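Engineer: Quick note: the sequence shown uses this note's numbering, first residue 9, plus one each step.
We put the beta carbon where it would ideally sit given N, CA and C, even for glycine.
In this text the structure is predicted, and so the values were computed from the model without any measurement.
Questions regarding the structure given below will be posed in turn.
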Amino acid sequence: MGSDQPKTTVLYDVANSPFIDLGSPFTLWEGVKMALLLPTVPLRLCICVTSIILVAIANSVAIAGCDLSKPLPRWRRRLVEISSQTASGTCLRAVGFWNPRVLNGHHYTKGQQIGAIGIFNHVSYLDAFVVVWAFCCAGVTFNFSKHLPILGYGVRALQNLYVPEHTDRASQQKGMVTLIKERANNPSMPMLSVAPEGTVSNGRCLLSFKTGAFVAGTPVVPILLRYKLAPFNPSWSIIIPAWHLLRLMCQFSNAVTVEMLPPYIPSADEKADPVLYAANIRKLIADALGVPVVDQDRGHFLALVKAGVAVSWDGTRLLAPPGVLDDSGCMDLQPHLLANKAKKQQ
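Here it is, written out as structure tokens:
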């Protein structure tokens, strides 16, 4: 006679989740800064919008009549670089990153010469601006991004790789691996930079790496994005987006440093095993950043959101529907993870 298997409950520590940040409370001092800087916010937002419009115009001129699957003529590429880096830098400074820095940029140049792929840790909604400001590299993004109003004109000129839509997961991965290999083997095209975590966290750890960027077995250049996480954390965890941006812009100064490590040439074992390759690069980046690795991914983030977990507006408390969290701030995340997994497989 058969019997039901006992249900296994694994409690998830929500307060210490990489998708939760309780380290940036809205204090009295934060309120004072907001009162002082709030009058400057409309002007700075106008500067950002104007920069995006101008880069869209400049990049549209630069790529007019061009086949973007092929290298741009040098003058056109240079126009894209100047306009994109200027606009990205202007936007960063407008939101308070007055002095962004790049360290060891020669490693990036070397990576371009050997057909490497840039690999960076994904922290904030600002990462795209930071990476474009630093290198004007291409990225991997969804197809809809090139059709965004105004911004899409600027995006197309970067010659990104676009994830195929309306295809199954296996076909997507196979198609992207082919595109990544082709891009890596063409040094005349902009260097590709990828965030293998596939989602953002609170910046205090590294999430699981997806293997797509490593299947091709090409060399990589590890890129470290180091944001100042205090007194305000610019990471994109579970936040109230507009309030988060407002708080970001009401800091006297935010800081980010982009640091390159030497190009990493994979061993024969790593070329044959993308899981091993991804794990080794993940450890290398985590050690350089001085942060732990956690075996969590976007599925955990989506499970928390689906369960209704949030952070209070002042950044001090966890919020959740009744019965979701126990007295210690933990929850059973397994049902939500399984539901997300089943939805993916449909």
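Quick one: what's Glu267 bridged to in DSSP?
Structural biologist: Bridge partners of Glu267: Leu111 and Leu232.
Engineer: Can you check DSSP and say which residues form a bridge with Gly1?
Structural biologist: A question about residue 1 goes unanswered here, because the residues of the chain that appear run from 9 up to 354.
Engineer: Which partner residues of Cys338 appear in the DSSP bridge assignment?
Structural biologist: According to DSSP, Cys338 bridges with Asp21.
Engineer: Can you tell which of Gly183, Glu267, Thr219 and Leu53 has the C-alpha that lies nearest to the C-alpha of Val139?
Structural biologist: When each option's Cα is compared against that of Val139, the closest is Glu267.
Engineer: By Cβ distance below 8 Å, which residues in the same chain neighbour Val185 in space, the five residues on each side in sequence not counted?
Structural biologist: Cβ within range, chain order: Gly220, Val223 and Ala224.
Engineer: Taking the alpha-carbon positions, what's the Leu312 to Val319 distance?
Structural biologist: Roughly 11 Å separates the two Cα atoms.
Engineer: Pull up the distance between the alpha-carbon of Pro33 and that of Gln259, whole angstroms please.
Structural biologist: Rounded to the nearest angstrom, the two C-alpha atoms are 13 Å apart.
Engineer: Please classify Thr226 as buried or exposed, where buried requires at least 16 neighbouring CB atoms within 10 angstroms.
Structural biologist: The residue is buried, with at least 16 neighbouring Cβ atoms inside 10 Å.
Engineer: Using a threshold of 8 Å, state whether the C-beta atoms of Val229 and His115 are closer than that.
Structural biologist: Yes. Within cutoff.
Engineer: Check Leu297 in the structure and name its three-state DSSP category.
Structural biologist: Leu297: helix per DSSP, three-state reduction.
Engineer: Taking buried to mean at least 16 other C-beta atoms within 10 Å of its own C-beta, is His344 buried or exposed?
Structural biologist: His344 is buried by the Cβ-count criterion.
Engineer: Do you know offhand how far Ala95's Cα is from Arg84's?
Structural biologist: Whole-angstrom Cα-Cα distance: 17 Å.
Engineer: Below 8 Å on the Cβ atoms is my contact criterion, and I expect Phe128 with Ala203 to pass it. Report the Cβ-Cβ distance as a whole number of Å.
Structural biologist: About 6 Å separates the two Cβ atoms, so the contact holds.
Engineer: Less than 8 Å between the C-beta atoms of Leu284 and Asp295, yes or no?
Structural biologist: Result no, Cβ atoms of Leu284 and Asp295 do not sit closer than 8 Å.
Engineer: Hey, quick one: how far does the alpha helix (DSSP H) through Cys161 stretch, first residue to last?
Structural biologist: The sequence given here has Tyr at residue 161, not Cys. Segment Leu159 to Arg164, the alpha helix (DSSP H) holding Tyr161.
Engineer: Report yes if the CB atom of Ser245 is closer than 8 Å to the CB atom of Asp21, and no otherwise.
Structural biologist: No; because the gap between Cβ atoms is not below 8 Å, this pair is not in contact.
Engineer: Please report the straight-line C-alpha distance between Phe105 and Leu156, rounded to a whole angstrom.
Structural biologist: One C-alpha to the other measures close to 25 Å.
Engineer: Where do the ends of the alpha helix (DSSP H) carrying Phe143 lie?
Structural biologist: Here the alpha helix (DSSP H) through Phe143 covers Asp135 to Phe143.
Engineer: Using the beta-carbon count (16 or more within 10 Å), is Thr35 buried or exposed?
Structural biologist: Exposed, by the Cβ-count rule.
Engineer: Quick check: the Cα distance between Ala270 and Ala250, rounded to an integer number of angstroms?
Structural biologist: One point to set straight first is that residue 270 is Pro, not Ala, in the sequence displayed. Each residue's alpha carbon lies about 37 Å from the other.
Engineer: Among Lys349, Glu89, Gln167 and Arg212, whose alpha-carbon lies nearest the alpha-carbon of Gly298?
Structural biologist: With distances taken between Cα atoms, Gly298 lies closest to Arg212.
Engineer: If contacts are defined as beta-carbon pairs under 8 Å, then Leu80 and Val88 qualify, I think. What distance do you get, rounded to the angstrom?
Structural biologist: That belief holds up - the Cβ atoms of Leu80 and Val88 are roughly 7 Å apart, short of 8 Å.
Engineer: If we ignore side chains and look at the alpha-carbon of each, how far apart do Leu19 and Asn194 end up?
Structural biologist: Roughly 48 Å separates the two Cα atoms.
Engineer: Determine the burial state of Ala192: buried for a count of at least 16 other Cβ atoms within 10 Å of its Cβ, exposed for fewer.
Structural biologist: Buried, by the Cβ-count rule.
Engineer: Taking Arg86 as the reference, give the member of Asn67, Gly73 and Leu100 with the closest Cα.
Structural biologist: When each option's Cα is compared against that of Arg86, the closest is Asn67.
Engineer: Contact check, Cys144 vs Ser92 under 8 Å by CB: the rounded distance?
Structural biologist: About 5 Å; that satisfies the 8 Å criterion.
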